[in-house]
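Student:
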Amino acid sequence: MKYLRILPILILAACMAFAHAEDKVKVKISIDKKQVLDINEWSLKAKKLTEAWFPKIQKILGATNPKPKVTLSFERYDGIAGTAGDHIAFNVGWIEKHPDDFGMVIHELVHVVEAYPKYDPSWLIEGFADYIRYFIYEPEKKVVKIDPKRANYKNGYGDAAALVNYVEQKHPGFVKKAHKAMRESTYKDALWIEWTGKTVDENWKEFLSTLETK
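With the working numbering applied, the sequence shown corresponds to residues 39 to 252, in that order.
In structure tokens form, the structure reads like this:
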């Protein structure tokens with residue numbers, strides 16, 4: 039009987055140890071600089087930022103990424119940055135002209151964490167990336183400025199990010215629900231009614247009306 043009393047304690051201790059171990063999961067990063075030799079300092083900052091923000095982005099999205107790892111590569115090509123799977127490629131030419139643009143690391147890192155089976159809906163996927171970048175990572179910059187006459191959430195990026203921010207504030211948990219649906223390939227616009235009581239377009243119009251009153 040004495041052993042039966044001790045057994046629940048041992049099980050609880052094992053569970054706590056497992057949970058603690060999960061908290062310490064670190065992102066594995068490999069920095070490829072074979073083609074570029076003058077980007078070391080920036081790449082190390084990007085590495086630290088990635089390690090710090092990967093778990094934060096997971097928490098925001100409600101995402102799980104078993105054995106998370108990220109590869110950061112630096113080369114010269116047309117463009118700014120791009121993500122494929124867990125690999126993020128940065129254009130060194132852009133970094134040289136915009137050495138303070140670490141926000142793009144966050145944007146691309148969101149795509150790694152998202153890990154959606156398909157790029158659909160693209161406007162919301164890019165909206166999540168800019169939402170976390172502009173409204174959570176660097177809100178003080180207030181980069182996103184919406185012109186009610188020209189903006190459209192279907193443009194993705196900043197426009198969609200502003201909508202996501204508005205809806206998440208009104209309906210906490212929306213981001214996690216939408217992320218889960220996209221990860222499971224069950225997302226459809228009709229779910230917005232279930233999540234918010236309104237369609238996507240109705241939420242957008244409501245958001246735009248708040249801008250007109252300011």
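Think of the CB as a built atom: it goes at the ideal place given N, C-alpha and C, for glycine as much as any other residue.
These figures come from a predicted structure and were not determined experimentally.
Taking the straight line between their C-alpha atoms, what separation do you get for Asp138 and Val108?
Tutor: In a straight line, the C-alpha of Asp138 is about 21 Å away from that of Val108.
Student: At which residues does the beta strand (DSSP E) containing Ser223 begin and terminate?
Tutor: That residue, Ser223, is in no beta strand (DSSP E); it is neither H nor E in DSSP.
Student: For the stretch 74-160, list the alpha helix (DSSP H) runs that are entirely contained and at least 4 residues long, ordered along the chain.
Tutor: List check, alpha helix (DSSP H) in window: 78-99, 130-135, 141-152.
Student: Taking the alpha carbon of Thr88 as the point to measure from, which residue in Tyr195, Tyr175, Asn241 has its own alpha carbon closest?
Tutor: For Thr88, the nearest C-alpha among the options comes from Tyr175.
Student: Just to confirm, is the Cβ distance from Tyr246 to Ala198 under 9 Å?
Tutor: Checking the displayed sequence, the identity of residue 246 turns out to be Leu instead of Tyr. Taking 9 Å as the Cβ cut-off, Leu246 and Ala198 do not qualify as a contacting pair.
Student: Does Arg171 come out as helix, strand or coil in the three-state DSSP assignment?
Tutor: Helix.
Student: Considering only their Cβ atoms, is the gap separating Ile126 from Val150 smaller than 9 Å?
Tutor: Cβ atoms of Val150 and Ile126: closer than 9 Å.
Student: So Glu164 and Tyr195 are in contact, right, with Cβ under 8 Å, and what is the actual spacing, rounded?
Tutor: Yes, they are in contact, since the Cβ atoms of Glu164 and Tyr195 sit about 5 Å apart, within 8 Å.
Student: Below 8 Å CB to CB, which residues in the same chain sit around Thr102 once its five sequence neighbours on both sides are set aside?
Tutor: So the list reads Gln96, once near-sequence residues are dropped.
Student: For Ile77, tell me which candidate among Glu222, His136, Gly117, Ala90 has the shortest Cα-Cα distance.
Tutor: Considering only alpha carbons, the answer is His136.
Student: Is the beta carbon of Ala167 less than 9 Å from the beta carbon of Ile184?
Tutor: No, the pair does not count as a contact, with Cβ atoms beyond the cut-off.
Student: Given that a residue counts as buried once 16 or more other Cβ atoms are within 10 Å of its Cβ, and exposed if not, what is Asn241?
Tutor: Buried, by the Cβ-count rule.
Student: According to DSSP, simplified to helix, strand and coil, what is Thr248?
Tutor: The answer is helix: DSSP assigns Thr248 an H, G or I state.
Student: How should Arg114 be labelled, buried or exposed, when 16 other C-beta atoms within 10 angstroms of its C-beta is the threshold for buried?
Tutor: It is exposed - the Cβ of Arg114 has fewer than 16 other Cβ atoms within 10 Å.
Student: Can you tell me which of Pro155, His217, Thr121 puts its alpha carbon nearest to the alpha carbon of Leu99?
Tutor: Ranking Pro155, His217, Thr121 by Cα distance to Leu99 puts His217 first.
Student: For Thr248, which of Glu79, Lys208, Pro159, Gly141 has the nearest alpha-carbon?
Tutor: Closest by alpha carbon: Lys208.
Student: What's the C-alpha gap between Val63 and Lys85?
Tutor: In this prediction, Val63 has a pLDDT of 47, which is less than 50 and means its spatial position is unreliable; what the coordinates show is noted afterwards. So the alpha carbons of these two residues sit roughly 15 Å apart.
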